[in-house]
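In the UniProt record's numbering, the protein residues as written are 1 to 89. From the three backbone atoms N, C-alpha and C, an ideal C-beta is built for every residue, glycine too. Take a look at the structure below.
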């Protein structure tokens, strides 16, 4: 596991612990109302993050040694170029 992935795993575990502790401290009705939405969005973030890690691993297995941020940075440029090409036709 790469340094980034290990650090992110530790950060995610701490965030989950803090979130659980925070949930016990919610006292305001408005907080109680919006907290489930926060949890839902955080879960969605975790799912997307795991997809990026899987893409990174797949790239490394295929011989691409780019760092995850390089892979992520390249994706939007590729999509932008595809949109530009489509607009020209």
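Cα atoms of residue 21 and residue 42: separation of roughly 15 Å, rounded to the nearest angstrom.
With a 10 Å radius around the Cβ and a threshold of 16 neighbouring Cβ atoms, residue 56 comes out buried.
Judged by DSSP in its simplified three-state form, residue 46 adopts helix. Per DSSP, residue 27 lies in no alpha helix (DSSP H) and is assigned neither H nor E.
Taking the Cβ atoms as the reference, residue 35 lies roughly 6 Å from residue 26, within the contact range of under 8 Å.
Here the alpha carbon of residue 12 sits roughly 22 Å from the alpha carbon of residue 31.
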